[in-house]
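Heads up, the thing below is written out as structure tokens.
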């Protein structure tokens, strides 16, 4: 497929729609399928999201494959609409009145037109000197041969060689109010504006050491913070789709697993959590079993939620000057703004080399004013993230709504380079700020200099959650489809503790959650931070288990014999400790987990194991490795109804990874 820049050259025209009917007598249920192509080039469009709509409700969501093809299956006989979402490059298309009967396949082909308007060539003739006579500094013209002989990485390092430049201890000097890898470029004597940074790959991820297998005789309790971030999955998805190298530490297995919905019991009256557990044979190791725990919170209507006070904290530094960063941030905030109620309030704080209050606290009734402030955002300069955080929390505290939903929403690529910029210092700052009762949502954007490690830790330590937005579809998913669960908290400082029965389990290993582990003795310590869980959210944890009687690795003189009175029909005891969003007292929820091994694992169980194994494969964890083709087959067989299209999307992602790795072999 041609470069997007080529694809968007077309003049805006009415969308041409081609709908043809094709009867497939072999289908037992109705289906709708077709191909999505570029109206200008005729080439198929990959990863176009399509929604199937009935009675104003989205009933299925799928994406096109490499051939631009899609299909909605297992459909009832009724009238549907199909909407193709073109994202940033193409105009959305919606076809109405598709009447489907049983045992028929209707073919709906769609052509999408680019959004941009072609402009005429503009020629400007201007004689400009290469040297500004009014400047007091030195100007030197160098060529490619000179640059090739200089052993430096960026213009900041070059400038440190000049007279009168002071280099700080923090690193290379900041020159021209921008970062060290930004360049001043002249073409025929004319300075080129906009982003001229050299394309560098400086993404950073915190180290993750895979959890070991342990014996319940030595460590009977497994304890961790109850978080439901999913940024890792969508970030790695971006890497695979772009054919990029996948750093091992970019893959957090629990975030892959939690990117999908599973059948889960609703909380009983008066309870915050419902628990679903399943124990089955392990798909990647026949000698082991997998215990899946899915915890569910109640759905709440938006009208029943308390008023909100949001502070949009937006990184507008020079590193955000690309189409997948600040322009996408603005689209995200527009979607959120359109979800505001009259009683909600919004402030906007920006930071680059300096920080600004762009919009004081404004009622959701004045959406036009909020949208206008978002439209005015532009990028340029270095990144004083710490200063932005300070001002955003001050604004949140000044407009704090008692018993309301008070939240800072940080939109950034995570590249902090001015002021307090080390991860440890930023974490210390955010830990202090969480005592204000203000929650934090961190949304990551872009690639190249994406600093995910810092952002994830800020979310973990700041009573928050983290998401990654790659495109407009992700923005709609997070700020529209999952608006309530993303931005409204039902439990804070939530911790999970699972105590395993040593008469039933000889070894266990928690899959993922490595950077959320908590010492067992700190489960009851309310000064130790846990995680944040949203309304209508799910949290799924998977344990790889070896059944049998546990033995201790330590030969202790006074160690008591195994308690033979323990119930052998219990494999584990689950405890959840949490606080209400505006409370300081902890509550505890307990649940007994049966040791019954199911003969036929549910679709949810098998699909979750496929996702976990895929993540383990990406991390090069040999203990979880399955052949990618087997993972694909396992996921295809357990896709189920897939109403949101996420499981189909995962299957396409695994297929793409298989094809890419086959090419590299």
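Residue numbers (the working numbering): 1 to 665. Heads up, the beta-carbon is just placed ideally off N, CA and C, and yes, glycines get one too.
- Of the other Cβ atoms in all chains shown, 16 or more fall within 10 Å of the Cβ of residue 278; this residue is therefore buried.
- Partner residues in the beta bridge of residue 578, as assigned by DSSP, are 587.
- Per DSSP, residue 226 is not a residue of any alpha helix (DSSP H), being assigned neither H nor E.
- Straight through space, the alpha carbons of residue 503 and residue 350 are spaced by roughly 57 Å.
- In chain order, 215, 216, 217, 502, 505 and 506 place their CB closer than 7 Å to the CB of residue 550, counting only its own chain and leaving out the 5 sequence neighbours on each side.
- Within the DSSP secondary-structure output, residue 439 pairs in a beta bridge with 407.
- Non-local C-beta neighbours of residue 70 in its own chain, meaning closer than 6 Å and more than five positions away in sequence, comprise 50, 62 and 64, ordered along the chain.
- Taking the C-beta atoms as reference points, residue 577 is found nearer than 7 Å to residue 495.
- Counting only the Cα atoms, residue 657 lies some 11 Å from residue 631.
- Counting only the Cα atoms, residue 54 lies some 10 Å from residue 96.
- Our two residues, residue 405 and residue 591, have alpha carbons roughly 29 Å apart in a direct line.
- It is roughly 46 Å from the alpha-carbon of residue 613 to the alpha-carbon of residue 358.
- Across the set 352, 580 and 605, the C-alpha of 352 shows the shortest separation from the C-alpha of residue 385.
- For residue 626 against residue 379, the beta-carbon gap comes to about 43 Å, at or over 8 Å, which does not count as contact.
- Under DSSP, residue 355 takes part in a beta bridge, and its partners are 351.
- Unbroken beta strand (DSSP E) runs of no fewer than 3 residues, entirely contained in the segment 309-380, are found at 345-351 and 355-363, following chain order.
- For residue 461, the enclosing alpha helix (DSSP H) covers residues 452-461.
- Between residue 598 and residue 280, the C-beta gap is smaller than 7 Å, which places the two residues in contact.
- Straight through space, the alpha carbons of residue 529 and residue 519 are spaced by roughly 12 Å.
- Within the model, the alpha-carbon separation for residue 394 versus residue 429 is close to 13 Å.
- Look at residue 75 here: in three-state DSSP terms it is strand.
- Taking the CA atoms as reference points, residue 259 sits about 25 Å from residue 312.
- CA-CA distance, residue 261 to residue 407, rounds to 25 Å.
- By the CB criterion at 7 Å, residue 441 and residue 463 fall outside the cutoff.
- Bounds of the beta strand (DSSP E) holding residue 61 are 57-63.
- Here the alpha carbon of residue 439 sits roughly 14 Å from the alpha carbon of residue 584.
- In the structure shown, the three-state DSSP call for residue 236 is helix.
- The Cβ-Cβ distance between residue 371 and residue 332 does not fall below 7 Å.
- If you look at residue 37, you'll find it in the beta strand (DSSP E) that goes 30-38.
- Following the DSSP letters along the chain, one finds residue 413 in no beta strand (DSSP E), marked with neither H nor E.
- Counting only runs of at least 4 residues, the segment 240-292 fully encloses the following alpha helix (DSSP H) elements, listed from N- to C-terminal order: 253-257.
- In the displayed model, residue 478 falls within a helix according to three-state DSSP.
- The secondary-structure analysis by DSSP pairs residue 204 across a beta bridge with 451.
- If you draw a straight line from the Cα of residue 654 to the Cα of residue 267, it comes to about 34 Å.
- With a contact defined as Cβ atoms closer than 8 Å, residue 293 and residue 574 qualify at about 7 Å.
- With a cutoff of 7 Å on beta-carbon distance, residue 68 and residue 101 are scored as not near each other.
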